[in-house]
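Engineer: Input: one structure, supplied below.
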Amino acid sequence: MARRPGAPAASGEEFSFVSPLVKYLLFFFNMLFWVISMVMVAVGVYARLMKHAAALACLAVDPAILLIVVGVLMFLLTFCGCIGSLRENICLLQTFSLCLTAVFLLQLAAGILGFVFSDKARGKVSEIINNAIVHYRDDLDLQNLIDFGQKKFSCCGGISYKDWSQNMYFNCSEDNPSRERCSVPYSCCLPTPDQAVINTMCGQGMQAFDYVEASKVIYTNGCIDKLVNWIHSNLFLLGGVALGLAIPQLVGILLSQILVNQIKDQIKLQLYNQQHRADPWY
């Protein structure tokens, strides 16, 4: 049978614009992050279930809740990518691409705004740290995170070691019955060489001393300045991390858009074949 000029060399059933490489590459790309998201949710839920009821008072600074929220959002996003690529569903692929684009733009905007409005960003960081100090004894995960940060950056408190008076257990008021009154956590203490057992009471009563006396036993500088200095000293490292997060997002957006265009071309081909199937010159 003669073929109409300009028509495809093969019928829609034999030829497909959809590349299996793009399709399954996008599928396995999303499957990887889908599994990671399920692990994140499982770890977050396990961490929440292992905590006591008092931890419910500080959800805003709970690492487990943050892990669950990020995991659920990633799960929904990668689910759209997995099913959309496997079933060649344009709606799901477009949803995946738009959401991934929105996440990328939000990250980019946050980085730019954080750089331009560095003073306001510093104030927000200070607010978060002070809130974490208030809830230090309410959440074991948060407590471990603060202790790690104070040891890592050799600091104590937000602006200074006296910020620990914001915590009800470390408050210096006379009516505070806590045994830790006017103290600081052990992670504020200067390291002792060859110490076999950690002295968790090394910060006892340190807030009652001035900076000179306290500096002989604990770190007196706050963590905010230390954190800012660390960021300034590791801009290339942070840039590499940001690039590492951006590349998978851009790859996902690119692959999804390529697959969407291929699916649209395939639909056009099928419609063309249906319209001209009765054509004697087809």
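Residue 1 is where the sequence shown starts when you use the numbering used here, and the numbers rise one by one after that.
Every residue, glycine too, gets a C-beta built ideally from N, C-alpha and C.
(1) Applying the 10 Å Cβ sphere with the 16-neighbour rule, what's the burial state of Pro-191?
(2) CA-CA distance, Pro-63 and Lys-268?
(3) Which residues mark the beginning and the end of the alpha helix (DSSP H) in which Asn-261 is found?
(4) If you drop the 5 nearest sequence neighbours on each side, which residues of the same chain put their C-beta closer than 7 Å to that of Val-134?
(5) For Arg-87, which residues in the same chain have their Cβ closer than 8 Å to its Cβ, ignoring the five residues on either side in sequence?
(6) Any idea what DSSP makes of Ser-85, helix, strand or coil?
(7) For Arg-48, which residues in the same chain have their Cβ closer than 6 Å to its Cβ, ignoring the five residues on either side in sequence?
(8) For Ser-126, does the three-state DSSP call read helix, strand or coil?
(9) Suppose contacts are defined by Cβ-Cβ distances below 9 Å. Is Gly-158 in contact with Ser-183 by that definition?
(10) Taking just the CA atoms, how far does Met-31 sit from Leu-271?
(11) Assuming Gly-222 contacts Cys-172 (C-beta within less than 8 Å), just tell me the rounded distance between them.
(12) Can you list, in chain order, the stretches of the alpha helix (DSSP H) that have 4 or more residues and sit fully within the segment 99-158?
(13) Output the distance between the C-alpha atoms of Asn-144 and Gly-114, rounded to the nearest integer angstrom.
(14) Within a Cβ cutoff of 8 Å, which residues of the same chain sit near Ile-146, ignoring the five residues on either side of it in sequence?
(15) Who does Ile-160 pair with in a DSSP beta bridge?
(16) Does Cys-172 come out as helix, strand or coil in the three-state DSSP assignment?
(17) Strictly by DSSP, which residues pair up with Cys-305?
(18) Please work out which residues of its chain come closer than 7 Å, Cβ to Cβ, to Phe-33, disregarding the five sequence neighbours upstream and downstream, and give them in chain order.
(19) Within this structure, are the beta carbons of Tyr-161 and Gln-207 separated by less than 9 Å?
(20) Can you tell me which of the three DSSP states Val-69 falls into?
(21) Does the pairing of the segment 245-261 with the segment 17-29 give three or more beta-carbon distances under 8 Å?
(22) Quick one: residues in its chain with C-beta nearer than 8 Å to the C-beta of Lys-264, no 5 flanking neighbours on either side, listed in chain order?
(23) If you count every other CB in all the chains shown that lies within 10 Å of the CB of Ser-85, and 16 or more means buried, which is it?
(24) What first and last residue would you give for the alpha helix (DSSP H) that runs through Asn-167?
(25) Exposed or buried, what is Met-40 when buried is set at 16 or more other beta-carbons lying within 10 Å of its beta-carbon?
(26) If the criterion is Cβ atoms closer than 9 Å, does the pair Phe-104 and Gln-249 meet it?
Structural biologist: So, to answer that:
(1) Mapped onto the sequence shown, residue 191 falls at position 191. Looking at its Cβ environment, which holds fewer than 16 other Cβ atoms inside 10 Å, Pro-191 is exposed.
(2) Residue numbering aside, residue 63 sits at position 63 when the sequence shown is read from its first letter. Residue numbering aside, residue 268 sits at position 268 when the sequence shown is read from its first letter. Between the alpha carbons of Pro-63 and Lys-268 lies a distance of about 49 Å.
(3) Translated into positions along the sequence shown, residue 261 becomes position 261. Element bounds for Asn-261: 235-275.
(4) As a first step, residue 134 must be located in the sequence shown, where it is residue number 134. Around Val-134, the same chain offers Gln-166, Asn-167 as residues with beta carbons nearer than 7 Å, after the five sequence neighbours per side are excluded.
(5) Working through the sequence shown from its first residue, we reach residue 87 at position 87. The answer is none, since no qualifying residue turns up.
(6) The count along the sequence shown starts at 1 and reaches residue 85 at position 85. Reduced to three states, the DSSP call for Ser-85 is helix.
(7) As a first step, residue 48 must be located in the sequence shown, where it is residue number 48. Short of 6 Å from the beta carbon of Arg-48, and not among the five residues preceding or following it, lie these beta carbons of its own chain, in chain order: Ala-64.
(8) Residue mapping note: residue 126 aligns to position 126 of the sequence shown, counting from 1. Ser-126: helix per DSSP, three-state reduction.
(9) Numbered from 1 along the sequence shown, position 158 holds the residue referred to as residue 158. Numbered from 1 along the sequence shown, position 183 holds the residue referred to as residue 183. No. Outside cutoff.
(10) As a first step, residue 271 must be located in the sequence shown, where it is residue number 271. As a first step, residue 31 must be located in the sequence shown, where it is residue number 31. So the alpha carbons of these two residues sit roughly 32 Å apart.
(11) As a working mapping, residue 222 is identified with position 222 in the sequence shown. As a working mapping, residue 172 is identified with position 172 in the sequence shown. So it is not a contact: roughly 17 Å between Cβ atoms.
(12) Entirely contained in the segment 99-158, the alpha helix (DSSP H) runs reaching 4 residues are, in chain order, 118-134, 140-153.
(13) By one-based count along the sequence shown, residue 144 stands at place 144. By one-based count along the sequence shown, residue 114 stands at place 114. C-alpha separation (whole angstroms): 27 Å.
(14) Translated into the one-based positions of the sequence shown, residue 146 becomes position 146. Here the set comprises Ala-132, Ile-133, Tyr-136, Pro-185, Ser-187.
(15) Here residue 160 is taken as the residue at index 160 of the sequence shown, counted from 1. The identity of residue 160 in the sequence shown is Ser, whereas the question assumes Ile. Residue pairing for Ser-160: DSSP places it in a beta bridge opposite Asn-221.
(16) Walking along the sequence shown from the start, residue 172 turns up at place 172. Note: Cys-172 maps to coil in three-state DSSP.
(17) In the structure displayed, the chain extends from 1 to 282; residue 305 sits before or after that span and is not available.
(18) Within the sequence shown, the letter at position 33 stands for residue 33. If we look at Phe-33 and ignore the five residues flanking it on each side, its Cβ neighbours are Met-74, Thr-78.
(19) For the purposes of this step, residue 161 is taken as residue 161 along the sequence shown, with counting starting at 1. For the purposes of this step, residue 207 is taken as residue 207 along the sequence shown, with counting starting at 1. Taking 9 Å as the Cβ cut-off, Tyr-161 and Gln-207 qualify as a contacting pair.
(20) One-based indexing of the sequence shown puts residue 69 at position 69. In the structure shown, Val-69 falls within a helical segment according to DSSP collapsed to helix, strand and coil.
(21) Between the segment 245-261 and the segment 17-29, the count of Cβ pairs shorter than 8 Å is three or higher; the stretches touch.
(22) Your numbering for residue 264 matches position 264 in the sequence shown. Closer than 8 Å at the Cβ level, and outside the excluded window around Lys-264, lie Ile-90.
(23) Numbered from its first residue, the sequence shown carries residue 85 at position 85. Of the other Cβ atoms in all chains shown, 16 or more fall within 10 Å of the Cβ of Ser-85; this residue is therefore buried.
(24) Indexing the sequence shown from 1 puts residue 167 at position 167. Here Asn-167 belongs to no alpha helix (DSSP H), and DSSP marks it neither H nor E.
(25) Looking up residue 40 in the sequence shown gives position 40. By the 16-neighbour rule on beta-carbons within 10 angstroms, Met-40 is buried.
(26) As a first step, residue 104 is located in the sequence shown; it is residue number 104 there, counting from the start. As a first step, residue 249 is located in the sequence shown; it is residue number 249 there, counting from the start. A Cβ-Cβ contact shorter than 9 Å links Phe-104 with Gln-249.
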